[in-house]
Ligand SMILES: [Zn+2]
């Protein structure tokens with residue numbers, strides 16, 4: 014019974030992503046990828062200031078605004094664990110397709126293995142593993158959805 018709940022937990026996250034977030038929020042991933050919005054504070058670039066900064070740091074287009082890049086540099090000096098968090102966050106925002114393969118392939122392999130073992134009457138703990146991987150994947154998906162969406166203009170007071 015506990016295993017069943019564990020394996021069906023991602024459904025809550027999926028429902029959250031596809032019904033609640035899509036209704037209340039709008040995606041700004043296109044703007045991130047084109048370099049129109051800062052992917053940390055989700056604000057439109059002030060091109061006068063931010064383009065100058067990006068040309069100093071040798072970037073093709075600004076991905077972080079002046080304020081966010083300054084904040085990150087400051088907090089990187091103070092708390093080293095935040096550097097890792099930001100690297101993960103940026104990677105999840107821009108390279109999510111690559112991450113998908115790392116999760117989807119193991120889940121399918123484990124499910125296939127589990128099915129084959131069940132046919133031979135062998136009970137294993139494999140559902141805990143692929144349930145966990147599945148849950149982790151949808152957790153990351155939710156995290157990414159939060160960072161790549163913003164409140165719809167009508168909901169901003
Ligand atoms: Zn910013």
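Numbering (this note's numbering), first residue to last: 14 to 170. Just so you know, even glycine gets a beta-carbon here, dropped at the ideal spot from N, CA and C. Just so you know, these numbers come straight off a predicted model, no measurement behind them.
Given this structure, state the Cα-to-Cα distance separating residue i from residue j, to the nearest angstrom.
{"i": "residue 78", "j": "residue 51", "result": "6 Å"}
{"i": "residue 132", "j": "residue 126", "result": "10 Å"}
{"i": "residue 49", "j": "residue 57", "result": "6 Å"}
{"i": "residue 165", "j": "residue 41", "result": "11 Å"}
{"i": "residue 112", "j": "residue 123", "result": "17 Å"}
{"i": "residue 46", "j": "residue 135", "result": "48 Å"}
{"i": "residue 91", "j": "residue 160", "result": "23 Å"}
{"i": "residue 120", "j": "residue 147", "result": "7 Å"}
{"i": "residue 15", "j": "residue 114", "result": "27 Å"}
{"i": "residue 29", "j": "residue 163", "result": "15 Å"}
{"i": "residue 43", "j": "residue 59", "result": "18 Å"}
{"i": "residue 76", "j": "residue 103", "result": "10 Å"}
For residue i, which residues in the same chain have their Cβ closer than 7 Å to its Cβ, ignoring the five residues on either side in sequence?
{"i": "residue 7", "result": "The structure shown does not extend to residue 7, since the chain is modelled only from 14 through 170, so no value can be given for it."}
{"i": "residue 81", "result": "51, 53, 54"}
{"i": "residue 157", "result": "105, 106, 109"}
{"i": "residue 130", "result": "137"}
{"i": "residue 117", "result": "none"}
Classify residue i as helix, strand or coil using the three-state DSSP reduction.
{"i": "residue 44", "result": "helix"}
{"i": "residue 32", "result": "helix"}
{"i": "residue 133", "result": "coil"}
{"i": "residue 150", "result": "helix"}
{"i": "residue 109", "result": "helix"}
{"i": "residue 162", "result": "strand"}
{"i": "residue 121", "result": "helix"}
{"i": "residue 87", "result": "helix"}
{"i": "residue 116", "result": "helix"}
{"i": "residue 142", "result": "helix"}
{"i": "residue 50", "result": "strand"}
Between residue i and ligand 1, is the CB less than 7 Å from at least one heavy atom?
{"i": "residue 56", "result": "yes"}
{"i": "residue 20", "result": "no"}
{"i": "residue 123", "result": "no"}
{"i": "residue 80", "result": "yes"}
{"i": "residue 76", "result": "no"}
{"i": "residue 40", "result": "no"}
{"i": "residue 53", "result": "yes"}
Under 6 Å Cβ to Cβ from residue i, same chain only, skipping five residues before and after it: list those, please.
{"i": "residue 26", "result": "151, 155"}
{"i": "residue 89", "result": "96"}
Sufficient close CB pairs (3 or more, under 8 Å) joining the stretch 133-144 to the stretch 17-31: yes
Three-pair Cβ contact test at 8 Å for the stretch 94-103 versus the stretch 35-42: no
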